[in-house]
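Report on the structure given below.
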Amino acid sequence: MLSGEAGGGLQTLEQIMLRAFKLSGYHVFSYSEFMSRIRGGNNSTQIRVSGKSTASCLRRIDIFVPFNAGAMERFKDRITHETVILGDRSYIDRQYLEEGYPIVEVPVAELARGVGGQVYTNILVLGILCGLLGVEMSLLDELVRQFFAKSGDESMNRNVDAAKKGYETGSHLLKSGQVLLVTKKSETVKHELLMNGIDAIGMGGLAGGCTFVSSYPMSPSTGVLVFFARKAQEFGIVVEQAEDEISAMNMALGSWYAGGRALVTTSGGGYALMVEGLSLAGCTETPLVIHLGQRPGPATGLPTRTEQADLEHALYSGHGEFPRMILAPGTIEQGFALTLHAFNMADKYQVPVFILTDQCFLESNYTLGNLEIPDQLNERFIIETDAEYKRYTITENGVSPRGIPGFGNGLVCADSDEHDEAGYITEDSYMRTSMVEKRLRKLVAIEKDSIPPTLTGNKNYRHIVVGWGSTFHVVKEALSVLNRRDVSFLHFSQVYPLHPKAQEFIRRAEKRIIIENNATSQFARLIKQQTGIEFEGKILKYDGMPFMLEDVAEKLDSLL
Amino acid sequence: MGTVFDFDHSVDVAWCPGCGNFHILASLKAALEELEIAPSSIVFVSGIGQAAKTPQYLKASFFNGLHGRSLPVASAIKITNPELTVIAESGDGCMYGEGGNHFLHAIRRNPDITVIVHNNMVYGLTKGQASPTSMRGFVTPVQIGGVCMEPFNPLTLAISQNASFVARAYAGDEVRTKDILKKAIMHKGFALVDIFQPCVSFNRTNTYQWYKDHTYPIDDTHDPSDRIAAFSLAVRTDRFALGVFYLGPGIPTFFECQAAYKTDPRPLYKHTVSREKIESLINAKRA
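Residue numbers (the working numbering), protein chains in the order written: chain W, 1 to 560; chain R, 1001 to 1287.
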């Protein structure tokens, strides 16, 4: 656990360290939590280093590195006598020094001054930890040089010096036996991927043929906007920071109408502004992909933290009645596959498709084997129009062939007013009824195209734990820690509409437990509304932090 | 005389007899016909209101969206397929009230679109309330003591923000309106045409006669590249000039700023995904 002030370089340290560890044969996972400020306060980064793949947060801290005085304050209940506190004496709270906690004093402040100043503390600590874990110095040297390649020679050289100095210190600690780390290495992980949820959504979007992104910055969704901005030229994507989310949403709809494949990326409050446009997507039957990165509300809430409390916001937002689809990836693999899928589903059914993530999902990094690229990337559903073309032709499954202006001789008339088949305003009650029914028929087709939940564990389970979205890894690991063969885990990566067979899995369990990162179990409420099934046990968390492995294991143990 | 933009069937028009919108529609059809633009390559984008119904009454593609939101939609359509002629058309309430923020930022963004605003200084469809351009003292069922706010001046605002084309027309003068619309549509960049439009049902102040008495054509000596002169013309409220006020010189368009079209200049619907590029992006995460 690395803990320090905002602006202290923790993110830089995290980025380089994860790569150094992975390339040295360790599986890594990291989760950062930070305050909504640019300087000061206290931010922390948890890094798990392991011989096998892990991707959930731990309450336990094996090594704690404070970066400034006061950095330990928020971790009092997580630092135990098993925690090694490594760092500068002046950064370690007195109680730990006095009460015999295992402490490895390293004069970090003095060493940093020696290489040029306090600003090098992060790279110095990087060196120490790399030394402790037996990373090759040549690899560390290369990674530091790469990272600071654009910062000028002096900055790069000083950072390399800091890394070396730290590395010597770390190696010495290891050789002298002051710190002993027992972690297996794996040869295969060196060739694996190291990425986070932002990368997954971004790459999934590119693979799904995204050509247009319009958004307004808002944590934690901004990373996705930045991802696309950096790829705009290479992949031919129009990326626009709109004046507000209302504009962003309407731009996305304009782009789809004209043949683009557009994405908006936002969070709860920004999405609230987009809701008017969601209804417009519903009436004009314009496809749309919305990445909704959740954070705790209401209103501004906890801007930089995590929660799963916008499921109902996504589900019930928008005036009037129209179909939609909500996906909630739990793994990086799903983040990639489902974002790609979202573009195809939106285009196929001409409906809004949500990708519901959260800060924990987006900003957790870990190693994984591979991302499977399907044979068919972006499926195209637009047609070339002729002079007789009607945008809203009534069909059996409700989906009208979609033309775009400028491709064919037809006129493409899209209307937010109720309209006839050609797209012109009508108030005829027969036409109104036909259009409502046509739009709603699409939901039946979407339901058939739904993604079933995934079952982890024994097929002949007695009890079931149900979760969705970002809780996948932590629940899976908690159940494996508990080693209960009678309990299985059902994870939903599509939360609406529910797959028709989903309820069978839940119904036949003796005890049903729901786990959600919110206060009112919104998904349990949705399941009850759709199936009548109630949950006997609920594990809920709404302090702005993701679930930790031990919390889940203990709560499951007490409920089962 | 019919144009290629007329329907071959009768259309049930929702405007009052004598409405200024009929003149604007006629000028618009004539302008497009004279410019020889094919109906299938034009997209109208409108919001909500009586003016926003205009695209329903001529043969062209349209996206009739939400109140106030036509400019983001129009900007995105144009940037998604630069080969289309895109015209955003709505009323003063839609463009300057509900859509005020989009108006400001569309000027800054400078998409290559024409923005036609039917400015009748009143809300028609909601039956007679004040609009952003209603004059001080204008009495309505809501502003019962008369409007007590400064009227929104779209021209001074657009000129102050260095908009690339700023013009005003009067619906009653179909020929001049047609000529201004032609210039606006041919202009590369954001082109604002504010059109004074008499509302015969809800605005008994700003009538056909009132507009005749209070407007005059900009004379030939005006240099539209002179921003200060344009601004001076636009701030006048005793009498209102008609014509092209301002042409912002050399302002980059939204299209010209796009990295997206540097590698592939075709419209976005012709862009395809390269599996190799995706694979190499993924593989970069192994290093």
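Even glycine gets a Cβ: it sits at the ideal position worked out from N, Cα and C.
Distance, Cα to Cα, residue i vs residue j?
| i | j | result |
| --- | --- | --- |
| A242 of chain W | A553 of chain W | 44 Å |
| D141 of chain W | G134 of chain W | 14 Å |
| P1249 of chain R | F228 of chain W | 32 Å |
| A1014 of chain R | P1055 of chain R | 12 Å |
| F1231 of chain R | I1087 of chain R | 25 Å |
| E504 of chain W | T531 of chain W | 10 Å |
| V224 of chain W | Q334 of chain W | 16 Å |
| V1004 of chain R | F1152 of chain R | 36 Å |
| R484 of chain W | Y461 of chain W | 10 Å |
| Y271 of chain W | G1068 of chain R | 18 Å |
| I1180 of chain R | P1072 of chain R | 23 Å |
| F336 of chain W | L371 of chain W | 7 Å |
| Y389 of chain W | S1075 of chain R | 25 Å |
| R37 of chain W | K150 of chain W | 26 Å |
| G87 of chain W | V106 of chain W | 5 Å |
| Y96 of chain W | V226 of chain W | 42 Å |
| P497 of chain W | L443 of chain W | 8 Å |
| N344 of chain W | R380 of chain W | 8 Å |
| G114 of chain W | I123 of chain W | 13 Å |
| E447 of chain W | H499 of chain W | 6 Å |
Taking the DSSP output, what are the residues bridged to residue i?
| i | result |
| --- | --- |
| F212 of chain W | W:V238, W:A262 |
| F505 of chain W | Per DSSP, none; premise fails for F505 of chain W. |
| Q494 of chain W | W:L327 |
| W468 of chain W | W:F492 |
| I539 of chain W | W:I515 |
| H1118 of chain R | R:G1091, R:I1195 |
| R402 of chain W | W:I382 |
| G40 of chain W | W:A6 |
| Q146 of chain W | Q146 of chain W pairs with nothing; no bridge assigned. |
| Y1170 of chain R | R:F1196 |
| C57 of chain W | W:M548 |
| R48 of chain W | W:F29 |
| H463 of chain W | W:V487, W:K511 |
DSSP on residue i, reduced to helix/strand/coil?
| i | result |
| --- | --- |
| N250 of chain W | helix |
| A229 of chain W | helix |
| Q1050 of chain R | coil |
| D358 of chain W | strand |
| L479 of chain W | helix |
| C1199 of chain R | coil |
| E378 of chain W | Here residue 378 of chain W is Asn; the residue named in the question, Glu, does not match the sequence. Looking at N378 of chain W - three-state DSSP - the assignment turns out to be coil, as it is neither helix nor strand. |
| L10 of chain W | helix |
| Q1161 of chain R | coil |
| P1154 of chain R | helix |
| A561 of chain W | Outside the shown range of chain W (1 to 560) lies residue 561 of chain W, about which nothing can therefore be said. |
| V1004 of chain R | coil |
| G408 of chain W | strand |
| T188 of chain W | helix |
Pull up the CB-CB distance for residue i and residue j, whole angstroms please, since I reckon it's below 8 Å.
| i | j | result |
| --- | --- | --- |
| I1077 of chain R | F1063 of chain R | 7 Å |
| Y324 of chain W | V351 of chain W | The sequence shown places Arg at residue 324 of chain W, not Tyr. With a Cβ gap of about 6 Å, R324 of chain W and V351 of chain W count as contacting. |
| T188 of chain W | S221 of chain W | At roughly 33 Å, the Cβ-Cβ gap does not stay under 8 Å, so T188 of chain W and S221 of chain W are not in contact. |
| G204 of chain W | L340 of chain W | 5 Å |
| Y1096 of chain R | T1133 of chain R | 7 Å |
| T367 of chain W | V49 of chain W | So it is not a contact: roughly 10 Å between Cβ atoms. |
| L206 of chain W | K231 of chain W | 6 Å |
| G537 of chain W | D1264 of chain R | That pair is no contact at about 54 Å. |
For the alpha helix (DSSP H) that contains residue i, what are its first and last residues?
| i | result |
| --- | --- |
| Q1056 of chain R | Looking at the DSSP string, Q1056 of chain R is not in any alpha helix (DSSP H), and its letter there is neither H nor E. |
| M156 of chain W | 153-175 |
| M195 of chain W | Per DSSP, M195 of chain W belongs to no alpha helix (DSSP H); it is in the beta strand (DSSP E), 193-196. |
| P1072 of chain R | 1070-1080 |
| I425 of chain W | Element bounds for I425 of chain W: n/a, residue is neither H nor E. |
| Y271 of chain W | 268-284 |
Ends of the beta strand (DSSP E) at residue i?
| i | result |
| --- | --- |
| G87 of chain W | 84-87 |
| Q294 of chain W | 288-294 |
| V1244 of chain R | 1240-1246 |
| A414 of chain W | 413-415 |
| L368 of chain W | 365-368 |
| F64 of chain W | 63-66 |
| V28 of chain W | 27-33 |
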